[in-house]
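Structure, as structure tokens:
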Ligand code: PLP
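Residue numbers (this note's numbering): 14 to 416.
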């Protein structure tokens, strides 16, 4: 064995089983590969990153600067400053019709930490967590990290990638602790109709299972649809965990502020876990988030209108490529085309398509395997119309040559 291999093998055996059970995020890996090409001066058509290409609104940035000038740079309470917890509850009530109090809210380092802390607070080794595939890449890994077992319910492109209550009912066993509903969905853009989500919640209630409703894209729904939260159902609090985030709604991905709304006992457990890991989310980012929760929402429809225009263009462009089929997303800012009809002997998986697209045409996108959907690609259209057009041209050329 080469010395380097020996060191690598030894190191792997030193790492905990917990960390060896999980994989690095495939989305992050694509972002890294695209960034490396860009650093070399390559013109990349980048559909990889799942983040708004808009700047954070001015009033939010100003609130952060003010907080800095006022020296609000010290530790805060672990679950976040009370006025922010209250502002989140008020915002959620105003926008989505819930009724939480500040002690039923914990502010976290992005929605991701809220999911992580909730799963780690509820899941024992061997417990099951039900989720729809295609799923957001982090759900199965977070569950595995906690020692749990992801149980996947398949959704279908021709049904708008909607998880159905009947499927959830069948997937629940005596070991199930949580059902995750992600609507609008990353990666598919699927939106679970309010009636279906209510049925899913009823199933969870009847079977004594938590429902985790990931609403990070709540405000990006197209057409006549309005943002919806299952927390608007009267008496819905018991057994429900709402996950929210500033990242997408307010173009604040780098600020790392998210939250959970849940019964006080679970919030207390999540806060305990947070107290022994990250402590509070960054103080000045919390003041910025307060401006997001209490200030003007006018940037949101502006972003949504632009995403809607891009959605039309990218769906039409992908559908025009022979062999590619593409469901129009009902929400979020991703398209999830099926390219399996384009597979051949030299390109027989979505991972291979993504690799060759990056190498030959400098188009960055994420293959479906990481989302539990081999045969599909995920493209984020949180990028300019020019880049979308350029990327579509390159993809059309790539697939016509792949025949
Ligand atoms: N949930 C979903 C479905 C997501 O796509 C993301 C981010 O991409 C998150 C949660 C977490 O976002 P953040 O940690 O930036 O709030």
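Cβ atoms here follow ideal geometry from the backbone N, Cα and C, with glycine treated the same way.
Small disclaimer: the values here were computed from a predicted structure and weren't measured.
Look at residue i and residue j and say whether their C-beta atoms are less than 8 Å apart.
i: residue 340; j: residue 173; result: yes
i: residue 72; j: residue 304; result: yes
i: residue 350; j: residue 337; result: yes
i: residue 207; j: residue 241; result: yes
i: residue 274; j: residue 243; result: no
i: residue 193; j: residue 227; result: yes
i: residue 384; j: residue 373; result: no
i: residue 213; j: residue 176; result: yes
i: residue 393; j: residue 63; result: yes
i: residue 101; j: residue 306; result: yes
i: residue 165; j: residue 148; result: yes
i: residue 299; j: residue 81; result: no
i: residue 318; j: residue 355; result: no
i: residue 270; j: residue 259; result: yes
i: residue 185; j: residue 222; result: yes
i: residue 277; j: residue 33; result: no
i: residue 126; j: residue 291; result: yes
i: residue 154; j: residue 254; result: no
Any heavy atom of ligand 1 closer than 7 Å to the beta-carbon of residue i?
i: residue 104; result: no
i: residue 227; result: yes
i: residue 116; result: no
i: residue 260; result: yes
i: residue 381; result: no
i: residue 266; result: yes
i: residue 223; result: no
i: residue 157; result: no
i: residue 195; result: yes
i: residue 199; result: yes
i: residue 124; result: yes
i: residue 236; result: no
i: residue 271; result: yes
Could you check how far apart the C-beta atoms of residue i and residue j are, in whole angstroms? I think they sit under 8 Å.
i: residue 347; j: residue 202; result: 5 Å
i: residue 190; j: residue 142; result: 6 Å
i: residue 377; j: residue 371; result: 6 Å
i: residue 85; j: residue 297; result: 6 Å
i: residue 150; j: residue 39; result: 6 Å
i: residue 91; j: residue 280; result: Actually they are not in contact, since the Cβ atoms of residue 91 and residue 280 sit about 11 Å apart, beyond 8 Å.
i: residue 69; j: residue 265; result: 5 Å
i: residue 345; j: residue 65; result: The Cβ separation is near 11 Å, so there is no contact.
i: residue 388; j: residue 353; result: 4 Å
What do you reckon, is the C-beta of residue i under 7 Å from a heavy atom of ligand 2?
i: residue 61; result: This structure lacks ligand 2; its bound ligands are ligand 1.
Practice task
Check whether the stretch 132 to 142 touches the stretch 227 to 245, taking contact to mean three or more Cβ pairs, one atom from each stretch, closer than 8 Å.
Solution key: no
Exercise for the section: Just list the beta strand (DSSP E) runs in the stretch 382 to 407, keeping only unbroken ones of 3 residues or longer that don't cross its boundaries, in chain order. Expected result: 390 to 393
Problem - Continuous alpha helix (DSSP H) assignments of at least 4 residues falling wholly in the stretch 23 to 90 - result: 30 to 33, 39 to 52, 71 to 82
Practice task
Could you tell me whether the stretch 387 to 404 touches the stretch 320 to 337, where touching means 3 or more Cβ pairs closer than 8 Å?
Solution key: yes
Handout entry: Complete runs of the beta strand (DSSP E) confined to the stretch 113 to 157 [at least 3 residues]
Key = 118 to 121, 141 to 146
Exercise for the section: Go through the stretch 179 to 248 residue by residue and report every complete run of the alpha helix (DSSP H) that reaches 4 residues or more, in order. Expected result: Runs found: 207 to 220.
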